[in-house]
Structure formats: structure tokens, C-alpha cells
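Trainee: In full-length UniProt numbering, the protein residues as written are 1 to 102.
Don't be surprised by glycine CBs; every beta carbon is placed ideally from N, CA and C.
All of these numbers come straight from a predicted model, not from anything done at the bench.
Following this message is one structure expressed as C-alpha cells.
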Amino acid sequence: MLRSFSAFGSELDASFMSRFRLLTVLNLWFIEMNRLPDSVTNLHNLWYLGIRSTLIEELPKGLGKLQKLQVLDAKLSMVQRLPSSVAKEGLAPPDSFNAWGN
1 MLRSFSAFGS ELDASFMSRF RLLTVLNLWF IEMNRLPDSV TNLHNLWYLG IRSTLIEELP
61 KGLGKLQKLQ VLDAKLSMVQ RLPSSVAKEG LAPPDSFNAW GN
């Protein structure tokens with residue numbers, strides 16, 4: 001069973017997330033996508049989500065359902081703020097977001 005997935009610099013079929021529900025690490029650095037699929041909210045074991053250097057501007061509102069999520073690396077992405085469901089203490093260091101500095 002796949003537990004960690006990394007993809008760099010190419011398009012990605014968003015439906016892949018529904019097939020790998022046991023992922024703990026999802027690294028999508030430099031992926032050519034402008035929206036993170038809502039299906040990411042079904043990855044209940046996910047503790048690391050990397051969307052560094054992507055065009056993703058907005059995160060799914062249901063991302064807060066991921067209780068094991070500890071790291072959200074959105075540095076150099078277009079994300080400017082967290083959905084209110086995600087804004088919890090200790091999720092990620094402030095320098096992980098452009099809104100707080102690079």
C-alpha cells in the first residue's frame with residue numbers, strides 16, 4: 001500500500017488521491033495545478049502536504065478534517081491564507097506561506 005507520494009513538475013490526474021487513502025505524505029512541488037482537489041480531504045492519515053511552488057491559490061475548506069496533518073508546506077505557492085477549518089496551532093511554521101514572508 002502506497003504511504004508516500006511525490007510528484008514534481010508535471011500535470012497530475014486529480015483522481016489519483018481517491019485510490020491512495022492511506023497516504024501519510026503527499027508532495028506536489030512544482031505540479032502544474034491551480035486547485036487542490038477536494039478529494040485530498042479524504043486522506044485521513046496525511047501528516048505532510050507539500051504544495052510548494054504551485055499555482056494553487058485556495059485550499060479546500062474541508063482540509064481541517066485532516067486531524068493528523070502536521071505540516072502544510074505552501075512556500076512559494078499562491079496560497080495567501082488558511083481556511084478557517086485549518087487555522088490551528090502548530091500546523092506549519094509561518095514561513096511556509098507567502099502571506100507571512102518567504
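Does the distance from the CB of Y37 to the CB of L63 come in under 8 Å?
Mentor: The amino acid at residue 37 is misidentified as Tyr; the sequence shows Pro. Not in contact: P37 and L63 (Cβ atoms no closer than 8 Å).
Trainee: How would you write the range of the beta strand (DSSP E) that L72 sits in, first residue to last?
Mentor: V71 to D73 is the span of the beta strand (DSSP E), which, as asked, contains L72.
Trainee: CB L28 to CB L43, shorter than 8 Å?
Mentor: Cβ distance not < 8 Å, so L28 and L43 don't count as in contact.
Trainee: Secondary structure at W100, three-state DSSP: helix, strand or coil?
Mentor: The predicted model places W100 with a pLDDT of 36, which falls under 50 and marks its position as unreliable; any figure quoted below should be read in that light. Helix.
Trainee: Closer than 6 Å by C-beta to S18: which residues in its own chain qualify, once you throw out the five before and the five after it? Chain order, please.
Mentor: So the qualifying residues of the chain are S39.
Trainee: What is the DSSP secondary structure of S15, reduced to helix, strand or coil?
Mentor: Note: S15 maps to helix in three-state DSSP.
Trainee: Return the first residue and the last residue of the beta strand (DSSP E) that N27 is part of.
Mentor: N27 -> beta strand (DSSP E) spans V25 to N27.
Trainee: Please return the same chain residues whose Cβ sits closer than 7 Å to the Cβ of K61, not counting the five positions on each side in sequence.
Mentor: The residues are P83 and S85.
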